[in-house]
Amino acid sequence: MRTDVLVVGSGVAGISAAIAAKTANSGKEVVLVGEERPYRRPSIFSLIKGGSLEELSIFRKDLIVGVKTLFGVRVRKLDLYDRLAELDNGEKIVFNCAVVATGSKPFVPPFEGSELSGVIPFRSYSDALSVRKMLGIGSKCVIIGAGLIGVKLASILHRSGMKVLLVELKKVLWTLLEEPLSNYLRDLLISNGISVIEGGRVESILGGHRVSSVVIDGRRYEADFVIVVTGVRPRTEIVADQLKLGVRGAIRTDKLMKTSIDGVYACGDCAETIDLVSGRKTYRPIGSIAYKAGKLAGANSVGNEREYNGFIRLQGDDFLGISVTSIGLAGAEAESMGVNFKTLPLKPKGVKVGIYSALFNPVGMFLGIVNGKERLIGFQAVGQRLSRKLINSISSLISSKSNVNELRSIGLEPA
Ligand SMILES: Cc1cc2nc3c(=O)[nH]c(=O)nc-3n(C[C@H](O)[C@H](O)[C@H](O)COP(=O)(O)OP(=O)(O)OC[C@H]3O[C@@H](n4cnc5c(N)ncnc54)[C@H](O)[C@@H]3O)c2cc1C
Numbered sequence: 425m426r427t428d429v430l431v432v433g434s435g436v437a438g439i440s441a442a443i444a445a446k447t448a449n450s451g452k453e454v455v456l457v458g459e460e461r462p463y464r465r466p467s468i469f470s471l472i473k474g475g476s477l478e479e480l481s482i483f484r485k486d487l488i489v490g491v492k493t494l495f496g497v498r499v500r501k502l503d504l505y506d507r508l509a510e511l512d513n514g515e516k517i518v519f520n521c522a523v524v525a526t527g528s529k530p531f532v533p534p535f536e537g538s539e540l541s542g543v544i545p546f547r548s549y550s551d552a553l554s555v556r557k558m559l560g561i562g563s564k565c566v567i568i569g570a571g572l573i574g575v576k577l578a579s580i581l582h583r584s585g586m587k588v589l590l591v592e593l594k595k596v597l598w599t600l601l602e603e604p605l606s607n608y609l610r611d612l613l614i615s616n617g618i619s620v621i622e623g624g625r626v627e628s629i630l631g632g633h634r635v636s637s638v639v640i641d642g643r644r645y646e647a648d649f650v651i652v653v654t655g656v657r658p659r660t661e662i663v664a665d666q667l668k669l670g671v672r673g674a675i676r677t678d679k680l681m682k683t684s685i686d687g688v689y690a691c692g693d694c695a696e697t698i699d700l701v702s703g704r705k706t707y708r709p710i711g712s713i714a715y716k717a718g719k720l721a722g723a724n725s726v727g728n729e730r731e732y733n734g735f736i737r738l739q740g741d742d743f744l745g746i747s748v749t750s751i752g753l754a755g756a757e758a759e760s761m762g763v764n765f766k767t768l769p770l771k772p773k774g775v776k777v778g779i780y781s782a783l784f785n786p787v788g789m790f791l792g793i794v795n796g797k798e799r800l801i802g803f804q805a806v807g808q809r810l811s812r813k814l815i816n817s818i819s820s821l822i823s824s825k826s827n828v829n830e831l832r833s834i835g836l837e838p839a
């Protein structure tokens with residue numbers, strides 16, 4: 425088979441790249457090859473309680489008219505110099521341009537016992553089905569990693585009647601929230617009956633064939649199953665010997681999402697991107713960025729020359745009756761990029777402290793100093809769900825390098 429553009433990977437990045445390529449130039453042939461049938465990854469939580477893969481599907485045929493799709497097939501070898509792909513069904517595809525959108529894989533720290541039956545990562549629909557199966561088998565679960573996925577799993581499993589222990593090397597949601605907000609959330613988890621260990625190092629997972637306990641800082645905790653959600657790593661195995669890699673081993677890309685080889689683009693969880701706030705390269709494996717980067721890579725692969733200046737991070741979720749939102753740079757990331765910042769508590773304008781905390785709960789924000797100028801670099805809130813309009817307004821204030829006083833225009837002020 426021959427094609428103008430070959431897209432490898434059928435996640436949100438690959439699908440948006442394929443649609444964008446076809447939309448930007450309908451005369452070009454676009455082939456999309458994906459190991460998995462596409463589905464909405466953030467929705468896999470719903471499979472724990474029931475439901476099927478079909479309900480998660482993001483594949484709408486009307487959206488990708490004209491794209492040839494090959495699902496359930498893996499690209500075994502991708503020769504980016506000779507422009508030849510070999511699939512694991514023996515088929516070969518000759519291409520002019522390629523978009524690499526191979527996503528990421530779970531990172532499981534190398535503790536002893538991580539290979540035991542009953543130790544599950546949480547990234548794919550089959551992982552979610554494994555967790556569902558476990559609900560019928562045991563009642564004690566240890567979740568390793570208190571990021572958004574770990575905290576959400578803890579709340580879901582707790583509500584399903586499980587005895588949940590959440591263990592985290594640092595602090596709850598430390599990559600998204602500053603300390604007072606993180607503490608607030610930890611206390612909320614605990615008051616709801618979820619056990620939380622912060623600053624806890626998992627030493628090993630014990631068991632015969634199946635897991636039976638987890639050793640944390642020398643103490644043994646019983647477990648019928650263990651979920652490991654300690655982050656992801658970019659999947660680059662078919663291109664790592666050909667493309668330059670950048671931040672955290674992700675594929676190096678420029679402002680066009682082009683890689684180190686001409687005519688080859690990369691996007692999504694396998695690729696680095698530019699952070700809009702600091703202008704620095706970063707690795708952010710999140711769906712909203714995968715979608716935008718995919719659109720850019722796809723359109724540019726058929727001749728557009730659209731550059732981007734950076735993407736802004738927006739993450740959040742709801743659990744235990746509250747909402748968490750984190751936009752822009754959070755402290756941990758700012759520190760790792762060498763960006764100086766200070767934090768400033770915020771409140772809705774005109775509302776007295778005390779009343780606002782009942783309404784809004786702790787709200788935090790960052791005032792950062794970037795390139796010598798004082799400006800808003802991030803915003804965090806834990807409490808009631810923020811409206812889409814407020815989130816968009818805050819994102820634009822951060823993107824447009826606004827000063828803290830400009831938050832008054834959207835009804836917020838320093839507490
Ligand atoms: C439980 C969970 C909840 C999440 N919630 C959110 C959220 O609320 N908001 C948010 O923004 N992000 C969220 N994320 C992150 C988001 O899902 C990812 O950032 C996003 O899926 C990345 O898309 P992608 O297309 O780059 O990669 P992936 O989704 O990993 O897709 C890549 C695809 O490429 C395929 N592939 C890899 N190698 C090959 C090959 N050689 N040949 C063929 N196919 C190949 C893979 O099988 C995979 O299907 C969540 C993730 C998880 C796991």
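In this note's numbering, the protein residues as written are 425 to 839.
Cβ atoms here follow ideal geometry from the backbone N, Cα and C, with glycine treated the same way.
Source: prediction; values computed, not measured.
In the DSSP assignment, Ser615 falls outside any beta strand (DSSP E) and within the unbroken alpha helix (DSSP H) covering 603–615. When DSSP assignments are scanned along the segment 527–565, the uninterrupted stretches of alpha helix (DSSP H) that are 4 or more residues long and fall wholly within it turn out to be 549–559. Per DSSP, reduced to three states, the secondary structure at Ser628 is strand. About 20 Å separates the Cβ atoms of Tyr715 and Val671, ruling out a contact at the 8 Å cut-off. In the DSSP assignment, Ser476 falls outside any beta strand (DSSP E), carrying neither H nor E. Judged by their CB atoms, Tyr463 and Ser481 are nearer to each other than the 8 Å cut-off. For Thr767, no alpha helix (DSSP H) run applies; the uninterrupted beta strand (DSSP E) run containing it begins and ends at 764–772, by DSSP. Relative to Ile573, the option among Val491, Phe519, Gln808, Ile710 whose CA is nearest is Ile710. Rounded to the nearest whole angstrom, the C-alpha separation of Gly734 and Glu515 is 37 Å. When secondary structure is reduced to three states using DSSP, Gly574 falls in the helix class. Secondary structure at Lys679: coil, using DSSP grouped into helix, strand and coil.
Val620 sits away from Ser606, with the two beta carbons spaced by 8 Å or more.
Taking the Cα positions, Arg809 is about 44 Å away from Asp686. Nearest neighbour of Ile472 by Cα position, chosen from Val499, Arg498, Arg556, turns out to be Arg556. Unbroken alpha helix (DSSP H) stretches of 4 residues or longer found wholly inside the segment 699–728: 711–725, given in chain order. When rounded, the separation of the alpha-carbon atoms in Leu744 and Leu720 is 36 Å. Of the residues Cys521, Leu502, Leu630, the one whose Cα lies closest to the Cα of Ser541 is Leu630.
Val436 counts as buried, since at least 16 other C-beta atoms from the protein chains shown sit within 10 angstroms of its C-beta. For Ser712, the shortest separation between its Cβ and any heavy atom of ligand 1 lies below 7 Å. In the displayed model, Thr447 falls within a helix according to three-state DSSP.
A straight-line Cα-Cα distance of about 6 Å links Arg644 and Ser637. By the criterion of at least three beta-carbon pairs nearer than 8 Å, the segment 738–758 is not in contact with the segment 563–571.
Using a Cβ-Cβ distance cut-off of 8 Å, the segment 608–626 and the segment 542–549 are not in contact, since fewer than three pairs of beta carbons, one from each stretch, lie closer than that value. Out of Lys492, Leu494, Val491, Asp512, the CA that lies nearest to the CA of Lys501 is found in Asp512.
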